[in-house]
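S.K.: In this note's numbering, the protein residues as written are 1 to 406.
The beta carbon of each residue, even a glycine, is placed where N, CA and C say it ideally should be.
Dropping a structure here in C-alpha cells format, bear with me for questions.
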Amino acid sequence: MHTRPIWAEISRPRLISNFKKLQAVAAPHAGLLAVVKADAYGHGVTICAPWLAEAGAEWLGVTSVEEGVAVRRRCPQARILVMCGLWPGEEDAVLEYKLVPTIWTVQHIALLTRAAERRKLSPQSVPMHLEIDTGMSRQGVGLDELLAILDRIRATPALYLDGVFTHFSSPEILDSPQNDAQQQHFAEALGRIATARFHPTWIHAGNSSTLLARDRLAPLSALARQYNAKFLVRPGLALYGYALPFVQIDGVQTREMPVALEPVLRWKTRIAALRAIEAGTAVGYGATFVATQTMRLALLPVGYADGLNRRLSNCGSVLVRGHRAAIVGRVSMDLTIVDVSQIPDVAVGDEVALIGEQSASQFGEQAGANGTMLRVTAEDQARWAGTICYEILCAISVRVPRVGVE
Ligand SMILES: *Cc1c(COP(=O)(O)O)cnc(C)c1O
Numbered sequence: 001m002h003t004r005p006i007w008a009e010i011s012r013p014r015l016i017s018n019f020k021k022l023q024a025v026a027a028p029h030a031g032l033l034a035v036v037k038a039d040a041y042g043h044g045v046t047i048c049a050p051w052l053a054e055a056g057a058e059w060l061g062v063t064s065v066e067e068g069v070a071v072r073r074r075c076p077q078a079r080i081l082v083m084c085g086l087w088p089g090e091e092d093a094v095l096e097y098k099l100v101p102t103i104w105t106v107q108h109i110a111l112l113t114r115a116a117e118r119r120k121l122s123p124q125s126v127p128m129h130l131e132i133d134t135g136m137s138r139q140g141v142g143l144d145e146l147l148a149i150l151d152r153i154r155a156t157p158a159l160y161l162d163g164v165f166t167h168f169s170s171p172e173i174l175d176s177p178q179n180d181a182q183q184q185h186f187a188e189a190l191g192r193i194a195t196a197r198f199h200p201t202w203i204h205a206g207n208s209s210t211l212l213a214r215d216r217l218a219p220l221s222a223l224a225r226q227y228n229a230k231f232l233v234r235p236g237l238a239l240y241g242y243a244l245p246f247v248q249i250d251g252v253q254t255r256e257m258p259v260a261l262e263p264v265l266r267w268k269t270r271i272a273a274l275r276a277i278e279a280g281t282a283v284g285y286g287a288t289f290v291a292t293q294t295m296r297l298a299l300l301p302v303g304y305a306d307g308l309n310r311r312l313s314n315c316g317s318v319l320v321r322g323h324r325a326a327i328v329g330r331v332s333m334d335l336t337i338v339d340v341s342q343i344p345d346v347a348v349g350d351e352v353a354l355i356g357e358q359s360a361s362q363f364g365e366q367a368g369a370n371g372t373m374l375r376v377t378a379e380d381q382a383r384w385a386g387t388i389c390y391e392i393l394c395a396i397s398v399r400v401p402r403v404g405v406e
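Given below as C-alpha cells:
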C-alpha cells in the first residue's frame, strides 16, 4: 500500500515516441536492443519492457536473471538478454524462462552445460551471447583468450553462439581514439570467430551515444553483414529521454542531437505543511541555512531515502505552482524543505514536481510572464549533485511507486 504522496509517473507516449525516433535513426543499419536494466533505469521494468516489446524492440536487455524472469512473465515472446553474466544457482532459471545469458568465462559455460544436461536438452538448444572485451577491462573475454573460450563452446554440444557483442567506453567523446581502437579489436575478434566456424545470428555494439552520434552505424553494420549476422545497437538512457552531450576529447561540446527526446519520468509529491519563519531562524540539520528575512517554507515528504540526492541540500530546486522553489537546509532522510516565499497561493496538498514540468497558468495564475513552462530534469539534479543523470534516475528508491500514464 502506497499512501504517502510521492510517486513517479512513467509516460507511455513519451517512451514510445523516443523509441520510434531512435528506431528511425538506427534504420537502415541496425535494429534495437532496448536496454531495460536496473529496473528500466529506475522507470520500472515491468511497466516499460512490455511497452518496448510491443513497439518493436527486437531484444530487451536486463541486468540479472531475476530481472529477466520478471520481464519474461510480462513479455512471453521477447528475446531477453541478461547483460551482467551468470551466477551459480541461476542457470536453471535461464533455461526455464528462456533467457539468453551473456557469457565470457569457462565457469559460465560450465554452469549452463550442467543445467542443460540435467534437463537432457538436445544439441544446439541453449543460446548464448559472447561478450568481447575490446578495451574497457570490464566484462568480456579478451582477444588473447577468445580461442580458448570458443573451444569450450564447441566442446559443449547443448550450447550455441547466438550472438557476439562488445561495449564502447567513450562513445560520447566523438574524436576519442579509444572508439576506433575498440572497433578494430571487435573486427579482429569477429574475424577469428568466423575462422573458427561459428556463425552468430546477432552482432551488437554501442549504446545511446553510439546511436545518436551515427558515425559508427554504417561501418559496424557492414561488419555484421560481412558475417551474415543482423546488427543491433543497444540504447538505454535515450529511451528514457536523456542523452549525454557530445564532446570532443578536449571537452568542447560539439554536435547537436539528431532527434529531440522527451523525459519519460515525472517525479512528484505534495506539500505536507507550511510555516512562516523570522530572520535569524535556522532550517534543518546542522542549521546550514539561516533565514536573513521573513520566509515562507513548504515541507515536502521526500528525502534521500526516496532517492532525492543529499547533495541537493541548499542547492537544488523543485517546481511549486509553476514557480521554482529552492531547497533550503539539508535534505533529510524522509523530508525536504523548500522556499515558497515568492510563490502566491501555496497550499498544503499542492502538487510539487521534483522532476517534471509545470507552468503557473496551469495553477490558475494569470498568463503572460508566468505562462512559460518550467522544467526540472534528471540532468539538472545531476548537475546540482555532481553526478550523471543515469545515477539520479536509478537512485529513485523502491519506496516511490511507479505509475504508468498515457
Ligand atoms: C547500459 C548498457 C547499454 C546502454 O547504455 P546507455 O548509455 O544507457 O545507452 C548498452 N550496452 C551495455 C553493455 C550496457 O551495459
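#1: Check whether the Cβ of R234 sits closer than 6 Å to any heavy atom of ligand 1, and report yes or no.
#2: Using a 10 Å radius around the Cβ and a threshold of 16 neighbouring Cβ atoms, would you call V405 buried or exposed?
#3: In whole angstroms, give me the CA-to-CA distance for V264 and L190.
#4: Check whether the Cβ of S208 sits closer than 6 Å to any heavy atom of ligand 1, and report yes or no.
#5: Taking its Cβ as the centre, do 16 or more other Cβ atoms sit within 10 Å of I327, making it buried, or is it exposed?
#6: For D306 versus V398, is the C-beta spacing smaller than 7 Å?
#7: May I ask you to report which of helix, strand or coil DSSP gives V346?
#8: Can you look up V25 in the DSSP assignment and give me helix, strand or coil?
#9: So for F246, helix, strand or coil by DSSP?
#10: Please find out if some non-hydrogen atom of ligand 1 comes closer than 6 Å to the beta-carbon of H323.
#11: Per DSSP, M295 forms a beta bridge with which residues?
#12: Would the beta-carbon of L261 be found less than 6 Å away from any heavy atom of ligand 1?
#13: Within 6 Å: the Cβ of H108 and any heavy atom of ligand 1?
#14: So the candidates are A276, R275, V290; which of them puts its Cα closest to the Cα of A282?
#15: Per DSSP, what kind of secondary structure is K20 in: helix, strand or coil?
#16: DSSP on T102, reduced to helix/strand/coil?
#17: In whole angstroms, what separates the C-alpha of H43 from that of T195?
#18: With H, G and I counted as helix, E and B as strand and the rest as coil, what does DSSP make of L232?
#19: In angstroms with no decimal places, state the Cα-to-Cα distance between M128 and L22.
M.R.: According to the structure data:
#1: yes
#2: The residue is exposed, with fewer than 16 neighbouring Cβ atoms inside 10 Å.
#3: 36 Å
#4: yes
#5: buried
#6: No, they are not a contact pair.
#7: V346: coil per DSSP, three-state reduction.
#8: helix
#9: F246: coil per DSSP, three-state reduction.
#10: no
#11: Answer by DSSP bridge pairing, in chain order: I277.
#12: no
#13: No heavy atom of ligand 1 is found nearer than 6 Å to the CB of H108.
#14: Distances from the alpha-carbon of A282 to those of A276, R275, V290 put V290 closest.
#15: helix
#16: strand
#17: 42 Å
#18: strand
#19: 26 Å
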